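**Student:** Sending over a structure as structure tokens; questions will come in a sec.
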Amino acid sequence: MSIPKAVHIFNSASISSARDWERLFLRPEIQGLLQKYKSSPPDALTLAQKLKSSFSVEQRHFIGEWLQIQPKAQQKFGSDKLWLCDTFAYEQSTGATLSRWKSQIWPGGIKLADLCCGMGGDSIFLDPKVQVLGVDLDPKRLYMFAYNTESAGLKRSAEVKRNFICADVLSAAWKADFLQIDPARRQERRQNQRKFILQPSWNEILDLCKRVQGAVIKLPPGFPVEKIPPTASILYLGHHNDCLEALVLIGEIPWLRNLSQEAIIGAVNCSDDSLFWRSRRELVQNSIKKIKKWLYEPIPTMIRSHLFLNLAKELGLAQIDPQIAYLTGDFPVNSPWLKAFEVLESGTQNRKNIQKWIYKHNIGKLIIKKRGVDINIDAELKKFKLKGDNNGILFFTRLQNKRISILSKTQEIW
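Okay, here's the thing in structure tokens:
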């Protein structure tokens, strides 16, 4: 495909860059290499020798990177199509499982601005009747977006327009009913405090939201909840046992209005549409003074969203410590949001007492898990004599700010 005629590029340097990139992509020898290596990457040295006489060092680097990443891209987006991307665009982009789930938020017929659109991961599974406007500062990213969305089936027609703007999302004169944005981000860790640096900045993103009826913002799961407006809803999206991103929904979102008339916080397992837990956006506190017969470990999406507290209240469980995401109860609970462990013993972190537990329950193989305490797991394992036939899990954690240990059966019950 050629550069789409609907692309608006605001300076000659961007035009030159996009056209140079397009010409490289369309060269017959490159198309041949892409088809040859679309399923398995080539040997880097062999490829470099093939390209040496016809391509610059910069071009060879890009072509090699592109071919190396194709199998990963096909797996991430669930298709053997040829995906146009580089390493950064691939890593930043939303994969097929989450993208398909998020596509239900936007009904056909709306005008949607995809800001900082990158290679198009958040748009490739949209309803074809959604009128998408891709906006990105990088002409290469915009060309990726145009190519990948068209390849996925979002083709322009007389009824459904698909436009593109190559410009800063803050200054571009884009118009839409709704927006979705995936800001560039990096994380700094200082004195155990997480600091997320977004581009555009968080305040600039909130200003952009004022230009539309409703907005969806993609953020890292650990983004500070206190910075998010209290009227906004938050969804934590996961895939199997991983929490991958947080979505902030601001303004009038038709899909959300069908669920609730007030701000919610939700946890979603995107690989199973039936696994969607939500509650009013409020924090619940419930705690206890001793470990009971069962210990429960929430899955990551429940931990990130803090919805495990609401779930605990509903199921009659309690949090063992305000800073620890473990729950306990007197009875077994079967929930896809929790891992359940049957408690054998609990008490202080006295090594002699723990050794007595190990002898008592004939433990010959021990797994140690820690949460809220600073220990060296390998060093701790060496302190215990393990001679029995049974397996066990030893938890080092905290109960109401006191260090405790818990011995449980190895297997998760459900």
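All you need for our numbering is the position in the sequence shown, starting with 1, plus 222. From the three backbone atoms N, C-alpha and C, an ideal C-beta is built for every residue, glycine too. No experiment lies behind these values; they were computed from the predicted model shown.
#1: Alpha carbon to alpha carbon, how far is Asn491 from Pro522?
#2: Between which two residues does the beta strand (DSSP E) harbouring Cys465 extend?
#3: Where DSSP assigns a beta bridge to Pro520, which residues make up the other side?
#4: If distances are taken between C-alpha atoms only, which option among Lys578, Met341, Asp399 and Gly610 comes closest to Glu372?
#5: Taking 7 Å as the limit between beta carbons, can you name the residues of its chain near Ile291, skipping five residues before and five after?
#6: Near Arg363, which residues of its chain fall below 8 Å by C-beta distance, leaving aside the five closest residues on each side in sequence?
#7: Is it buried or exposed, Thr570, if we count other Cβ atoms within 10 angstroms and call 16 or more buried?
#8: Using 8 Å as the threshold, is the C-beta distance between Gly488 and Cys431 below it?
#9: Express the C-alpha separation of Gln483 and Leu420 in angstroms, rounding to a whole number.
#10: Between the Cα of Arg500 and those of Tyr458, Leu539 and Gln507, spot the shortest distance and give me the residue it belongs to.
#11: Could you tell me the alpha carbon to alpha carbon distance between Phe618 and Leu629, rounded to whole angstroms?
#12: Below 8 Å between beta carbons: does that hold for Val352 and Gly330?
#13: Take Ala374 and list the residues in its own chain whose beta-carbon comes closer than 6 Å to its own, dropping the five residues that flank it on each side.
#14: So is Gly538 buried or exposed if we call it buried at 16+ other beta carbons inside 10 Å?
#15: Measuring only the C-alpha atoms, how far is Ala335 from Arg249?
#16: So, helix, strand or coil for Leu306, using DSSP?
#17: Run the CB neighbour count on Gly300, radius 10 Å, all protein chains shown included, and call it buried at 16 or more, exposed below.
#18: Less than 8 Å separating the beta-carbons of Val470 and Ala454?
#19: Rounding to the nearest angstrom, what Cα-Cα distance links Gln622 and Glu519 in this structure?
#20: With DSSP as the reference, please indicate the residues paired to Gly586 in a beta bridge.
#21: The beta strand (DSSP E) with Thr550 in it runs from where to where?
#22: Spatial neighbours of Lys274 within its chain, please: CB distance less than 8 Å, with the 5 preceding and 5 following residues excluded, ordered by chain position.
#23: Any idea what DSSP makes of Tyr365, helix, strand or coil?
#24: State the DSSP-derived secondary structure class of Trp323, mapped to helix, strand or coil.
#25: Assuming Ile252 is part of the alpha helix (DSSP H), what are its boundary residues?
#26: Helix or strand or just coil, what does DSSP make of Asn532?
#27: Below 8 Å, how does it come out for the stretch 396-407 and the stretch 439-448: are there three or more Cβ pairs, yes or no?
#28: Hey, how far is the Cα of Leu481 from the Cα of Phe606?
#29: Give the range of the beta strand (DSSP E) segment to which Thr619 is assigned.
#30: Should Asn598 go down as buried or exposed, given a rule of 16 or more other Cβ atoms within 10 Å for buried?
#31: What three-state label does DSSP hand Asp543 in the structure shown?
#32: Exposed or buried, Gly254, counting other C-beta atoms within 10 Å across all chains shown (16 or more means buried)?
#33: How many angstroms separate the CA atom of Leu401 from the CA atom of Trp516?
#34: Give me, in chain order, the residues of the same chain whose beta-carbon lies closer than 7 Å to that of Trp424; leave out the 5 immediate sequence neighbours on both sides.
#35: Which residue or residues does DSSP assign as beta-bridge partners of Ser627?
#36: Where does Thr319 land, buried or exposed, given buried means 16+ other C-beta within 10 angstroms?
**Tutor:** Here's the rundown:
#1: 10 Å
#2: Asp464 to Gly473
#3: Leu560
#4: Of the candidates Lys578, Met341, Asp399 and Gly610, the one whose C-alpha sits nearest the C-alpha of Glu372 is Met341.
#5: Cys307, Thr309 and Tyr312
#6: Ala311, Cys339, Gly340 and Met341
#7: exposed
#8: no
#9: 29 Å
#10: Tyr458
#11: Rounded to whole angstroms, the gap between the alpha carbons of Phe618 and Leu629 is 9 Å.
#12: yes
#13: Result list for Ala374: Ile346, in chain order.
#14: It is exposed - the Cβ of Gly538 has fewer than 16 other Cβ atoms within 10 Å.
#15: Counting only the Cα atoms, Arg249 lies some 32 Å from Ala335.
#16: coil
#17: exposed
#18: yes
#19: Going by the C-alpha atoms only, they are around 17 Å apart.
#20: Paired residue(s): none; Gly586 is not in a bridge.
#21: For Thr550, the enclosing beta strand (DSSP E) begins and ends at Ile546 to Gly551.
#22: Arg282
#23: helix
#24: helix
#25: Pro250 to Lys258
#26: helix
#27: yes
#28: 52 Å
#29: Asn612 to Leu621
#30: exposed
#31: If DSSP states are grouped into helix, strand and coil, Asp543 belongs with the strands.
#32: exposed
#33: 45 Å
#34: Excluding sequence neighbours, Trp424 sits near Lys449.
#35: Looking at the DSSP output, Ser627 sits in a beta bridge with Gly569 and Phe618.
#36: buried
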